[in-house]
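Asks:
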Amino acid sequence: MSETVSETPGAIVGVDVGGTFTDVFFLDAASGRPVIAKVPTTKDNPAEGFLDGIAAASATPGKLAAIVHGTTVGTNALLERRGAKTGVITTRGFRDVLEMRRRDRPQTWGLWGSFRPVVPRDRRLEVDERTLADGTVETPVDAAQVRDAAARLLAAGAEALAIFFINAYANDANERAALAAAGAVWPNAHLVASSQILPEIREFERASTTALNAYLQPVLGRYFHDLQATLRRRKFAGQVLVVQSNGGVMTVETARRLPVRTALSGPAAGVIAAAHIAAAAGHANVVTCDMGGTSFDVSLIAEGRSTLSPQTAIDFGLVIRTPMIEITTIGAGGGSIAAVDRGGLLQVGPESAGSDPGPVCYGLGNERPTVTDANLVLGRINAERPIGGKLDHLDVAAAQRALTAHVGAPLGLDTTAAAEAVIRVANARLAGAIRLVSIERGHDPRRFVAMPFGGSGALHAGALIREVGLAKALVPRYPGVTSALGCVIADMRHDAVRTLNRRLDELDEAALAAEMTRLAAEGRTLLGQAGIALAESEDRFELDMCYLGQTHTVAARLPAGAEAAGAGPTRAVVCAAFEARYRELYGRLLEGIPIRVLNLRVTTIGRRPKFDLALLAPPADATLEAAKRGNRRVWVAGVWHEVALYERLALPRDAVVAGPAVLEQPDATTFIEPGLRGAVDRFGNLVIEAAG
Amino acid sequence: MIDPVTLAVLKGRLEQIADEMDATLFRSAFNPIIAEAHDASHGLYDAESGATLVQGKSGLPIFVGAMAFAVKAVIDKTAREGPPDDGDVYLFNDPYDGGTHLSDFKLVRPFFRRGRLFCYLASVGHWHDVGGNVPGNYNPVATESFQEGILIPPVKLFEKGVLRGELIDILKANSRLPDSLYGDLNGQINALDLGARRLADLLDDYGEAVVAEAFDELRARAARLMRAHIAALPDGAYAREDYLDNDGISDIPLRIALDMRVRGERLVLDFSRSAPACAGPVNIARSTAIAACYVALKHVFRDVPANAGVLEPVEFVIPEGSLLSATAPRPVGGYTETVLRIIDVIFCAIAEAAPALANGCAYGTINALSLAGHRRDGSRWVMFSFFGGGHGGHPLGDGLNHGNAPISTATIPPLEILEAAYPVKFIQWALRPDSGGPGKHRGGLGGVYGIELLAESADVSLFGERGRFAPPGVLGGAPGACNRFQYQQDDGPHEPPLASKMVGIRLSRGQRLLLQSPGGGGYGPALERAPEAVAEDVRLGYVSPEGALRDYAVALDPEGRVDAPATAALRRSAAR
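Note that the protein sequences, when read in sequence, are chains A and B.
One gets the numbering used here by counting positions in the first sequence from 1 and adding 938 to each.
One gets the numbering used here by counting positions in the second sequence from 1 and adding 103 to each.
#1: Who are the neighbours of residue 71 of chain B on chain A, taking C-beta pairs under 7 Å?
#2: Apply the 10 Å Cβ neighbour rule to residue 1350 of chain A and answer buried if 16 or more other Cβ atoms are within range, or exposed otherwise.
#3: According to DSSP, is residue 415 of chain B helix, strand or coil?
#4: Could you list which residues in chain B have their beta carbon closer than 7 Å to that of residue 1524 of chain A, in chain order?
#5: Any idea what DSSP makes of residue 1516 of chain A, helix, strand or coil?
#6: How long is the line joining the alpha carbons of residue 674 of chain B and residue 586 of chain B, rounded to whole angstroms?
#7: Quick one: measure Cβ to Cβ for residue 531 of chain B and residue 1031 of chain A, integer angstroms, because I've assumed they're closer than 8 Å.
#8: Where residue 1298 of chain A and residue 1405 of chain A are concerned, what is the direct C-alpha to C-alpha distance, given to the nearest angstrom?
#9: Taking a Cβ distance cut-off of 7 Å, strictly less, list which residues of the region 1464-1485 of chain A are near chain B, in chain order.
#10: Give every residue of the same chain whose Cβ lies closer than 6 Å to the Cβ of residue 164 of chain B, excluding the five residues on either side of it in the sequence, and list them in chain order.
#11: Is the region 1163-1174 of chain A touching the region 1040-1049 of chain A, taking contact as three or more C-beta pairs under 8 Å?
#12: State whether the region 238-247 of chain B contacts the region 207-218 of chain B, with contact taken as three or more CB pairs (one from each stretch) at a distance under 8 Å.
#13: Output the distance between the C-alpha atoms of residue 281 of chain B and residue 275 of chain B, rounded to the nearest integer angstrom.
#14: Got a sec: is the Cβ-Cβ distance from residue 470 of chain B to anything in chain A below 9 Å?
#15: For residue 135 of chain B, decide whether its Cβ has a neighbour in chain A, counting only Cβ atoms nearer than 9 Å.
#16: Using a Cβ distance threshold of 8 Å, determine whether the region 1414-1428 of chain A contacts the region 1202-1214 of chain A, with at least three qualifying pairs required.
#17: Mind checking whether residue 94 of chain B and residue 568 of chain B have CB atoms under 9 Å apart?
#18: In chain A, which residues lie less than 8 Å from residue 531 of chain B when you measure between Cβ atoms?
#19: What residues from chain B crowd round residue 1134 of chain A, counting only those whose CB sits closer than 7 Å?
#20: Note down the Cα distance separating residue 536 of chain B from residue 647 of chain B, rounded to an integer number of angstroms.
#21: If we count the other Cβ atoms within 10 Å of its Cβ and call it buried at 16 or more, is residue 942 of chain A buried or exposed?
#22: Which residues in the same chain as residue 1270 of chain A place their Cβ atom closer than 8 Å to its Cβ, once the five residues preceding and following it in sequence are excluded?
#23: Compute the Euclidean distance between the alpha carbons of residue 1517 of chain A and residue 1442 of chain A, then round it to the nearest angstrom.
#24: Give a yes or no on whether 9 Å exceeds the smallest Cβ distance from residue 285 of chain B to chain A.
#25: Taking 9 Å as the threshold (C-beta atoms), are residue 1156 of chain A and residue 1021 of chain A in contact?
#26: If you measure beta-carbon to beta-carbon, which residues of the region 396-426 of chain B are closer than 7 Å to chain A?
#27: Please report how far the alpha carbon of residue 954 of chain A lies from the alpha carbon of residue 1226 of chain A, in whole angstroms.
#28: Measure how close the beta-carbons of residue 1598 of chain A and residue 1611 of chain A come, nearest whole angstrom, since I'm counting them as under 8 Å.
#29: Does residue 1463 of chain A come out as helix, strand or coil in the three-state DSSP assignment?
#30: How far does the beta strand (DSSP E) with residue 1128 of chain A in it reach, from first residue to last?
#31: The ligand COA heavy atoms versus the CB of residue 612 of chain B: any closer than 8 Å?
#32: Listed from N- to C-terminal order along the chain, which residues in the region 1223-1241 of chain A have their beta-carbon within a distance smaller than 7 Å of any beta-carbon of chain B?
#33: By DSSP, does residue 1398 of chain A sit in helix, in strand, or in coil?
#34: Nearest to residue 262 of chain B by alpha carbon, out of B:287, B:284, B:229, B:211?
#35: Is there a Cβ from chain E that is less than 9 Å from the Cβ of residue 1107 of chain A?
#36: Grab me the residues of residue 461 of chain B's own chain with a C-beta within less than 8 Å of its C-beta, minus the 5 sequence neighbours each way, in chain order.
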């Protein structure tokens, strides 16, 4: 499935590899028209699906300037614990830091938690070494012990190695020495020290981020290696860039070194796109609802801003400390499997059939019914026009059989009622996830619009706004490839941190200036290596500071140009920045208590040119009549309705479609429930709200 | 009638206000007990009764129950001495009126709307040092509250918006760490300011009538749900006893006994058979005992909203003169230990009544360890921290290794933060093998913490429990390992004569402490644990080969694989 265009050299292609589908988006510079494609994700070798997608968009790799890539390879490896066999070498006495966490529990109420670290206890080895908190090396590391430990881990099958020493943030000498020693016997590049990943105080957060990085290195390394090899073979000579969890992009070289920064890559790209589209359409308050085959990702944009959190737990105890867009994920997608548990309760997800074998109706071997099967049986999906390319049609009878056997029979329902029950349970779970980020944080949903996207989101738009009480839903023009669109517009971004841990009155201004210059230069170098057009770039400097005695810090932004003269900010400038921020956050300054400077944070942002979303608008000659595709029977609330079908992309601007209606397009299907209506805005978005 | 969407929104926004107050204090507090261990709490309380209306999700669970009593103490004072004014903030730490212990300073602020008292906002935080004999105030040998710290009855810190600065001077003069105290107090004032601003915004949006109706409806829903849970328990009487090691003064175990009676939708928790008030600091006030029951019930029935409705269908029998209804000046500094024991007996009684809701007991001691000394410049340092332990085995699997206490959501300060702040070096920070209570689902492992002193000298005190009576398992599961504390002196290693309670240990440079915390209790009989799971435990070092043989009747070959015939024989003879 594709739209044929005369492609122009220099196009930047966004490719989002999800758990089920791989999506492609780019703007053909000559015609100004958007080009999209959606193909099944090939799990064994995602690069194959990636290239199929580019080919399906009839782009010749050799003529593309850059590919910007969002990936869930890292996310899924963490969630499904399918990272590499990893070993840890650490300070004697501290191998359990990774497993003891910060002595927390999964839930405030209830004591039924458990935790399995990604590196089991017998693959965490200790060596003699010790650095003190002030950076003094008390016990130098013994290279022979490190080599021996590395050899034992290799023998135990470890493919990646994380080295993590106590107080390495204060002095990385022992870690560097250990890295060299282990490197002498380690057969691959998958070894990393904590001071390279996160030179910041707090041992568990540093150890966890480092271990998870190592755990992902071989997985992402293989993935990027295969991808680049295949791209080279197909004569692609441009840059490949990867979306990070913070919503910015980085080079593949950086991503291979720091795969932990891709943990929320795909979802972050979707949020970037959603914020951009919603802002253009005049909506500052948005709940983004990305529903693909495997998961449902929700994020809140309030007053036009998405929230960055300094660290995230991908799962209980799997802590990654690097700035990330706040996204809540539940295992509910089109491929989520419906089953009746032993208590007689209907459950939907989190288990997913993914894209291979996928839903029962794909006919690829799965026999357990999914959300997509239910939507198909209820007439909401067109059996003759499956999204994703590879299949010619969907097997309705097989989907019916599966629903009857696995849901209908145990619950005493007929096939249609069973399908409707699956959709109701799925909708309730989706609504719960939206409540979590909106209502439960005190945001009134009536002031928010839902932006459903991903392959399945728009099918559930009506239920989402009704169940949660959202004002309306804004379905973007290409809901199925929104994350890919986000890849095209996301800025370059690099975050770096360095623990200083000095009292402000003892801060060495020259050393601070040098460190700022050094980290900014590193960021600029990384931007330069990307080799793509940037509209402008910016360095942001923040200092994490506190009053002496506090353990939590406030991030005080230094004024722009603070490092420009090379002299760096004076202590007075630093103090003023801290006090301004502290007063803003807490109201009162504390007189007479010294101030501590804990960390320096440097963010380098390269702004990429944005394209005008009006390019996505429907063609001027479109008419409502021409968009009509007849009728289909659709089951809603216990009865079959004769429902109007439309070709979504052929609808003209300002067209209004009353529900019930089904709108089809190559990458997604939109279902407008009875009582709702959909209107097309000037960007081609569909605005769904209560009729009349 | 309030519509369900508005009610859900208001519930979220009200909790968000309390959460933001929590977060403000956590981030701006000086002492790590608040900043890292989150030993603080905030909420909104009823204008007339002080009952909990809304509580933050991140605050310390035990305060959820106790704060209502603290607000009530202020309400009683205003009844005696005249109504509060807009802009007043009361401050106090009287544990007999407001629950818990002297370290917990409560700030209570009447919230006015259009000239009328609408509700109270309150903040409680555990301060680093409030005087008394022992830095950090966990004085295991106190016999009167006067030895535990300064006691402040409810007094106005702000009067009509004007700060009474001399009060702060008094407080600072009574603390070893006046800067820390001043910083924490400011954090609490800021949290209340923020809460008042947010609540005013909310009332601007929804109006007083709707918000008041939401308060009533949320309480009613909690009570309704709690009644349904109680009704689902089989009617009957369930008796359980457990013991505290001692009171820190004389080495005599202290009984905590529960007679739990279920009748329809009513639950009676009767503690009449518990020990009388004791000389040492493990007494608790009645309000604290009730708060402990609240925590235990919320752990078992976790879907019930956190407000006063939870306790509506519950009746308490706690006689006067009991260890669990202490009055001034009985020492109460170690309230945490007694509260944890109350929670354990409730868990065990529930296990008997409804096995499907059961879990083994958690490690059951806070292990308050204090090291204090002077820096070269003469300034004082106090490192004070609580340590973790294992959680009990439960229906879904093995207990969590190294969790936090059921009364808290505290995280432990990073050892790198402690080493950067105090002259100590950690030697070890590890899981404790063989500490998890054997069971079909094993209890989680406790911790091993080794600390070496880098300064010239320091005074050490420890307030712990479970040194003699191990955390029980349930449904045939075995108890976890007991708490153990060792300290080095010139003549070699020592252990406290009263197990886990001691003051005045003088440590010199290079000498070490070793604390080994209890694991959780097991769930179900150990002989029902799959031999392969036991072999895996041995491979990972959670269980020693000797432990596998002794506790699980599992024999392993030299490669660590299950010796099936030997194991079968062992289990046959063990079953007999």
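In this text, a Cβ means the ideal position worked out from N, Cα and C, and glycines have one as well.
Replies: With the given structure in hand:
#1: Any question about residue 71 of chain B goes unanswered here, given that chain B covers just 104 to 679.
#2: By the Cβ neighbour-count rule, residue 1350 of chain A is exposed, with fewer than 16 other Cβ atoms within 10 Å of its own.
#3: Three-state result, residue 415 of chain B: coil.
#4: 127, 131, 293
#5: helix
#6: 29 Å
#7: 4 Å
#8: 28 Å
#9: Cβ contacts with chain B come from 1485.
#10: 398, 510
#11: With a cut-off of 8 Å, the region 1040-1049 of chain A and the region 1163-1174 of chain A do not count as touching, because too few Cβ pairs lie within range.
#12: no
#13: 5 Å
#14: Judged by the 9 Å Cβ criterion, residue 470 of chain B is not in contact with chain A.
#15: yes
#16: yes
#17: Because chain B here runs from 104 to 679, residue 94 of chain B falls outside it and cannot be looked at.
#18: Chain A residues near residue 531 of chain B: 1031, 1032.
#19: Here the premise fails: no neighbours, minimum Cβ distance about 17 Å.
#20: In this structure, the CA atom of residue 536 of chain B is about 7 Å from the CA atom of residue 647 of chain B.
#21: Any reading at residue 942 of chain A must be qualified, since the residue scores a pLDDT of 36, below 50, and its modelled position is unreliable; no value is offered.
#22: 1229, 1233, 1234, 1286, 1287, 1288, 1309, 1364, 1367, 1368, 1371
#23: C-alpha separation (whole angstroms): 12 Å.
#24: yes
#25: The criterion of a C-beta distance shorter than 9 Å is satisfied by residue 1021 of chain A and residue 1156 of chain A.
#26: 401, 402, 405
#27: Spanning the two alpha carbons is a distance of roughly 17 Å.
#28: 6 Å
#29: helix
#30: That residue, residue 1128 of chain A, is in no beta strand (DSSP E); it is neither H nor E in DSSP.
#31: In terms of ligand content, the structure shown is empty, and the ligand COA therefore cannot be addressed.
#32: none
#33: helix
#34: B:211
#35: In the displayed structure, chain E is absent; the protein chains listed are A and B.
#36: 450, 453, 454, 497, 498, 577, 578, 626
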